[in-house]
Amino acid sequence: MDARTLAVVTDNTQQSPEPHGPHAASPADLPTQYTPAEVEETLYERWVERGYFEADAKSEKPPYTIVIPPPNVTGSLHLGHAFQHTMMDALTRRKRMQGYEALWLPGMDHAGIATQNKVEQQLAEEGRSRGDLGREAFVERVWQWKEEYGGKILGQMRRLGDGVDWSRERFTMDSGLSRAVQTVFKRMYDDGLIYQAERIINWCPRCLTAISDIEVDYQEDDGELVSIRYGATEEGGDSLVVATTRAETMLGDTAVAVHPDDERYAHLVGRTVKLPLTDREIPVVADSHVDPEFGTGAVKVTPAHDPNDFEIGRRHELPMPSVMDERGVITVHGPFEGLDRFEARSAIVAALREQGRIVAEKRPYVHSVGHCSRCKTTVEPRLSMQWWVKVGPLAKAAGDAVRDGRTQIHPAEMSYRYFDWVDNMHDWTISRQLWWGHRIPVWYGPDGEVVCVGPDEEPPSGEGWHQDPDVLDTWFSSGLWPFSTLGWPERTADLAKFYPTDVLVTGYDIIFFWVARMMMFGMYVMEEPPFHTIALHGLVRDQHGKKMSKSFGNVVDPLDWMEAYGSDALRFTLASGANPGTDVPIGEDWVKASRNFANKVWNATRFALMNGATVEGPLPDAAEMSATDRWILSRLDTVLGDVDRYYDDYQFAKLSDALYHFAWDEVFDWYVELAKTTFAAGGRPAEVSRRVLGEVLDVLLRLLHPIVPFVTEALWTALTGGASVVVADWPKPTGFRDEAAEQEIAVVQQAVTEVRRFRADQGLQPGQKVPARLELTGTPLGAHEDAIRQLLRLQPAGEDFRATASLPVAGATVGLDLSGAIDVEAERKRLGKDLAAAEKELKQTSAKLGNEAFLAKAPDHVVDKIRTRKATAEADIERIRQQLERLPG
RNA sequence: GGGCGCAUAGCUCAGCGGUAGAGCGCUUGCCUUACAAGCAAGAUGUCACUGGUUCGAUCCCAGUUGUGCCCACCA
22 MDARTLAVVT DNTQQSPEPH GPHAASPADL PTQYTPAEVE ETLYERWVER
72 GYFEADAKSE KPPYTIVIPP PNVTGSLHLG HAFQHTMMDA LTRRKRMQGY
122 EALWLPGMDH AGIATQNKVE QQLAEEGRSR GDLGREAFVE RVWQWKEEYG
172 GKILGQMRRL GDGVDWSRER FTMDSGLSRA VQTVFKRMYD DGLIYQAERI
222 INWCPRCLTA ISDIEVDYQE DDGELVSIRY GATEEGGDSL VVATTRAETM
272 LGDTAVAVHP DDERYAHLVG RTVKLPLTDR EIPVVADSHV DPEFGTGAVK
322 VTPAHDPNDF EIGRRHELPM PSVMDERGVI TVHGPFEGLD RFEARSAIVA
372 ALREQGRIVA EKRPYVHSVG HCSRCKTTVE PRLSMQWWVK VGPLAKAAGD
422 AVRDGRTQIH PAEMSYRYFD WVDNMHDWTI SRQLWWGHRI PVWYGPDGEV
472 VCVGPDEEPP SGEGWHQDPD VLDTWFSSGL WPFSTLGWPE RTADLAKFYP
522 TDVLVTGYDI IFFWVARMMM FGMYVMEEPP FHTIALHGLV RDQHGKKMSK
572 SFGNVVDPLD WMEAYGSDAL RFTLASGANP GTDVPIGEDW VKASRNFANK
622 VWNATRFALM NGATVEGPLP DAAEMSATDR WILSRLDTVL GDVDRYYDDY
672 QFAKLSDALY HFAWDEVFDW YVELAKTTFA AGGRPAEVSR RVLGEVLDVL
722 LRLLHPIVPF VTEALWTALT GGASVVVADW PKPTGFRDEA AEQEIAVVQQ
772 AVTEVRRFRA DQGLQPGQKV PARLELTGTP LGAHEDAIRQ LLRLQPAGED
822 FRATASLPVA GATVGLDLSG AIDVEAERKR LGKDLAAAEK ELKQTSAKLG
872 NEAFLAKAPD HVVDKIRTRK ATAEADIERI RQQLERLPG
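Sequential numbering of the first sequence, starting at 22, is according to our numbering.
Structural data, given as structure tokens:
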């Protein structure tokens with residue numbers, strides 16, 4: 022029988038031949054290794070078929086909503102998505118188990134410019150361009166792309182185990198969402214929040230569209246700073262020197278600017294100088310934007326090709342001639358016409374040099390240059406007519422919502438970035454000269470009419486009317502995502518039930534692109550913030566903390582690791598690395614380690630089943646339980662509380678860590694080992710322990726489920742016979758604590774560890790049984806004698822018992838008859854080390870307790886602790902000395 | 001130029017006023033009847049540097065150095 026059979030056998034919702042589903046299969050038949058690939062797919066499909074992830078808007082349960090940050094349809098999911106999805110899935114799965122009407126709404130983003138570029142690349146490989154196809158056919162082609170790659174993404178989400186509500190899957194270009202876009206556009210237009218203006222914008226000469234400020238990546242590039250003498254023709258006249266890294270723009274210069282207080286140039290202000298290589302005279306203007314300290318203190322002004330120059334041009338009412346076309350090719354009639362901007366740059370510098378006008382050159386000159394974030398082409402500032410969003414009032418509301426706590430940013434330090442942005446935001450260029458996206462709902466009439474059309478209105482028709490050819494920035498539609506996906510502008514049941522959403526889980530890298538915009542639109546349209554909490558996570562990096570990128574060759578396809586180690590292993594690894602707001606390194610070894618953990622859980626549960634662990638019936642009375650039972654239940658309840666707190670604080674790394682250590686160190690390494698003796702002895706104590714072990718695993722598997730859904734589902738159904746852990750109740754703390762039991766087990770652990778250490782030091786074979794007499798000086802250990810003997814391979818002392826080594830541990834003395842096999846030197850060395858450590862401790866604690874100031878000022882519990890430490894050290898020293906004396910030789 | 005953060009074991013990271021922690025890696029011994037994807041034992045740190053506050057500082061404060069990120073500017 023393989024794991025798949027297990028999964029099927031334990032599916033008792035179809036039919037339940039026996040009430041004890043788990044016992045239908047003998048647990049001993051389970052494979053000794055967990056094989057995720059066989060289990061995961063079956064389980065996921067079952068969850069979806071049973072509708073576990075479908076939320077009900079009519080439910081009485083309180084809602085819990087997360088909308089997915091819609092992945093771009095440009096490609097496939099990477100580790101960053103896997104990371105983010107793990108957290109969202111864990112959050113919603115837990116809330117679902119807690120009795121919430123949990124909705125995790127999936128979908129994708131049309132990603133205008135990015136997707137259009139991809140399809141254009143595809144076309145280019147076929148030797149075609151979008152122009153060849155025409156707008157309609159091209160858009161059709163992009164839809165095909167969306168089907169293909171969108172499907173791939175959805176498949177990856179299934180593989181990851183994402184518990185999303187597929188019945189509510191959305192796409193930003195769906196008709197409903199498009200309707201939302203048009204509605205918002207119209208409303209904002211009518212409110213004067215969207216307007217058209219001719220300004221300098223960032224233009225990508227390759228994508229052939231305007232892009233917004235944040236779509237420009239600045240990087241340090243080597244350039245050449247040339248100083249050019251303007252004026253002073255052969256007939257004489259005034260001259261001055263300007264410096265530039267973009268000589269080609271001089272063709273569009275319409276002034277030279279100097280600072281108003283700069284005495285060096287005072288005599289030139291108001292006069293003109295000759296613009297080299299042209300027959301134009303341009304004025305010298307005074308403008309305080311100029312920094313007199315920089316360069317020569319004189320600046321060439323090209324209003325149509327530089328944002329600062331544009332402002333100067335506006336202030337001085339300068340002409341603003343464009344000298345390049347949309348591809349960055351010089352259009353000015355003359356020797357440079359038709360040259361690309363970079364060719365023109367060198368040609369112009371060469372021409373100027375020939376005329377002796379280059380007075381200084383500095384190369385390389387490192388300065389930061391803007392690049393298109395989509396295609397890396399150097400951005401060209403360009404004067405053009407675009408649509409804008411007036412962000413002032415929107416950003417104010419978005420900022421206030423966080424300032425007054427209606428939305429909380431987690432971790433809180435990240436709110437600085439958010440405020441920095443919303444408080445200083447410039448107006449947003451929303452029109453794109455693309456074909457893929459939401460077309461701007463504005464029609465132009467033959468007589469210059471401009472009509473913005475709402476979704477229920479007929480656009481004007483007739484001779485000379487045409488729609489604006491541009492589309493909207495893709496972030497416009499994704500900014501509406503939290504409510505457009507729930508049916509807005511219709512007043513749907515979904516909207517009423519699930520808006521505002523609870524938490525946004527996203528990367529800190531898209532605070533500006535997306536988070537701030539959703540906040541703005543949410544406040545504007547819905548008049549309340551779209552989420553209560555913004556949980557920001559970091560970026561996934563490689564095992565050395567290096568950014569994953571194609572050029573480093575360290576990019577990993579999540580599918581590879583999921584195939585090799587299982588989705589659970591990948592998810593657990595990602596969750597373990599998730600400290601709020603910090604980047605997450607991940608390496609294959611770590612995924613392997615998580616796989617090992619899953620396997621450990623698998624085998625421990627398998628062992629439990631083989632030994633009759635059960636969840637049947639009520640938990641026995643504490644009075645019936647052994648200290649071991651009470652200890653593990655006490656610990657379980659503590660861990661449960663910890664996990665809940667960590668969840669509520671988005672501390673995925675901590676909760677993963679807590680569960681990992683509780684499961685492995687406490688339940689598997691100690692409880693299960695101690696229980697073996699109990700099981701072997703049989704009787705009522707064994708029955709009690711079987712029930713306790715069943716309880717512990719039941720709760721543990723439920724706690725682990727949101728992070729590692731597959732292996733927990735397979736095991737939990739096998740253990741409990743329940744339909745699915747997906748719809749099981751989230752465990753509630755019982756308040757059961759037993760400190761005495763915890764202390765007692767701590768002593769057992771200490772005793773066992775001490776003897777193990779002795780055995781290891783003595784080089785005793787683990788299987789070698791050693792006659793021993795447990796001299797129990799403390800009562801608690803008595804109950805554990807059998808278990809201790811078992812763990813330590815001790816056998817009861819015979820008649821001829823002769824203690825050759827005696828290990829005093831807290832509460833007991835273990836006498837061992839090693840029949841002369843003891844390595845006296847090794848033992849002496851070990852004891853010597855222990856003695857030195859104890860003496861050092863005694864010295865330290867004594868010093869502390871002799872310090873008046875310490876005694877006077879330290880809190881009582883600290884002083885008590887030090888006293889205890891001192892007493893322990895004294896006892897240890899005494900004990901070790903006795904041991905040393907007893908050593909033969 | 002402005003802002004935020006980080007510096008702890010070989011690596012990746014927790015911790016944070018009262019004896020330095022985890023995972024991986026490493027050493028040694030083990031197929032101990034759930035698991036070798038395992039078990040047991042073990043080694044490893046002037047907690048970046050310099051001062052200050054404190055009975056006590058890895059933790060708080062100031063400065064220094066190194067390092068990462070964000071924003072702005074870069075004629």
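The C-beta atom is built at its ideal place from N, Cα and C for all residues, glycine as well.
Beta-ladder partner(s) of residue i, from DSSP
i	result
Cys473	Val463
Phe192	Met129
Cys225	Thr230
Cys393	Val237
Ile487	Checking the sequence shown, residue 487 turns out to be His, not Ile. His487 pairs with Tyr465.
Ser248	Ala264 and Ala381
Ile555	Ile430 and Leu525
Asn93	Asp130
Integer-rounded CB distance, given that residue j should sit under 8 Å from residue i
i	j	result
Ser233	Thr450	5 Å
Val311	Asp259	With 8 Å as the limit, Val311 and Asp259 do not qualify as a contact, their Cβ atoms being about 17 Å apart.
Val163	Ala132	With 8 Å as the limit, Val163 and Ala132 do not qualify as a contact, their Cβ atoms being about 10 Å apart.
Ala762	Arg902	With a Cβ gap of about 33 Å, Ala762 and Arg902 do not count as contacting.
Ile461	Asp491	5 Å
Residue i in three-state terms, based on DSSP
i	result
Tyr681	helix
Thr86	strand
Gln376	coil
Ile303	strand
Tyr911	Residue 911 cannot be examined here, being either before or after the span of the chain that is shown, 22 to 910.
Ala325	coil
Arg200	helix
Ile351	strand
Asn624	helix
Met406	strand
Tyr216	strand
Lys571	coil
Glu401	strand
Pro414	helix
His565	coil
Limits of the alpha helix (DSSP H) - the one that residue i falls within
i	result
Arg151	Arg151 to Leu154
Ala514	Ala514 to Phe519
Thr448	Note that residue 448 is Asp in the sequence shown here, rather than Thr. Asp448 -> no alpha helix (DSSP H), and no H or E assigned at all.
Thr733	Pro730 to Thr741
Arg758	Neither: Arg758 is in no alpha helix (DSSP H) and is coded neither H nor E.
Thr275	Neither: Thr275 is in no alpha helix (DSSP H) and is coded neither H nor E.
Glu59	Pro57 to Glu70
Met108	Leu100 to Met118
Asp658	Ala648 to Asp669
Ala847	Val845 to Leu870
heavy atom of the ligand NAD below 7 Å from residue i C-beta
i	result
Leu905	Questions concerning the ligand NAD fall outside what the structure shown contains, since it holds no ligand whatsoever.
Enclosing beta strand (DSSP E) for residue i [first to last residue]
i	result
Thr603	From DSSP, Thr603 is part of no beta strand (DSSP E); its letter is neither H nor E.
Thr911	With the chain running from 22 to 910 in the structure shown, residue 911 is simply not present.
His431	Gln429 to His431
Asp523	Thr522 to Gly528
Leu815	Leu815 to Pro817
Contact the region 152-164 vs the region 107-119: 3+ CB pairs below 8 Å: no
Would you call the region 543-558 and the region 586-596 in contact, with 3 or more CB pairs under 8 Å? no
Is the region 440-459 close to the region 493-511, with three or more CB pairs under 8 Å? yes
Taking contact to mean at least 3 C-beta pairs separated by less than 8 Å, is the region 745-753 in contact with the region 686-699? no
Is the number of C-beta pairs between the region 596-608 and the region 623-632 that are closer than 8 Å three or more? no
At a cut of 8 Å, does the region 402-415 reach the region 204-216 through at least three beta carbon pairs? yes
Determine, using beta-carbon pairs with one atom in the region 351-359 and one in the region 275-286, whether at least three such pairs fall under 8 Å. no
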